Amino acid sequence: LALSIPFVVFTSNFLAMLMDRYPVIIYLGAAVLGRVAGEMIFTDPWVMRWLQMPTWFNYTMEAVFAVGVIVVGKLWIKFIFRKAEETEQSPSG
Numbered sequence: 014l015a016l017s018i019p020f021v022v023f024t025s026n027f028l029a030m031l032m033d034r035y036p037v038i039i040y041l042g043a044a045v046l047g048r049v050a051g052e053m054i055f056t057d058p059w060v061m062r063w064l065q066m067p068t069w070f071n072y073t074m075e076a077v078f079a080v081g082v083i084v085v086g087k088l089w090i091k092f093i094f095r096k097a098e099e100t101e102q103s104p105s106g
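Structure, rendered in structure tokens:
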């Protein structure tokens, strides 16, 4: 425990610095999370019994989830910035 807390703090600061310098790391991390989510959903025993999908479908859905997470994230950011701009431009009174 005495070593793990400083290690987590140091590595998180280091990773934050890398993400500031190379933003592609954020997209890679999001893609990994999306792929793992797709894998967990479509390799679940109950889902596999219920849908009875071929293996290629699992791989396709993992790719769809990986790309989908990135697309949804980009759209979400665009929506938030648009909403912030509208709030700044609205007349206050």
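Under this note's numbering, the residue at position 43 of the sequence shown is numbered 56, and the numbers go up by one with no gaps. For every residue, glycine included, the Cβ atom is placed at its ideal position computed from N, Cα and C. Fair warning: this is a prediction, and the values are worked out from it, not measured in the lab.
1. Taking its Cβ as the centre, do 16 or more other Cβ atoms sit within 10 Å of glutamate 75, making it buried, or is it exposed?
2. With proline 58 as the anchor, note down where its alpha helix (DSSP H) starts and where it stops.
3. Decide yes or no for the touch test of the region 58 to 72 against the region 15 to 32: beta carbon pairs closer than 8 angstroms, at least 3 of them.
4. Following the continuous alpha helix (DSSP H) through serine 122, name the residue where it begins and the one where it ends.
5. Can you check which of these residues, Tyr72, Ala29, Val84, is closest to arginine 48 by C-alpha distance?
So, from the data block:
1. buried
2. 58 to 64
3. no
4. Outside the modelled stretch of the chain, which goes from 14 to 106, sits residue 122, for which no answer is possible.
5. Tyr72
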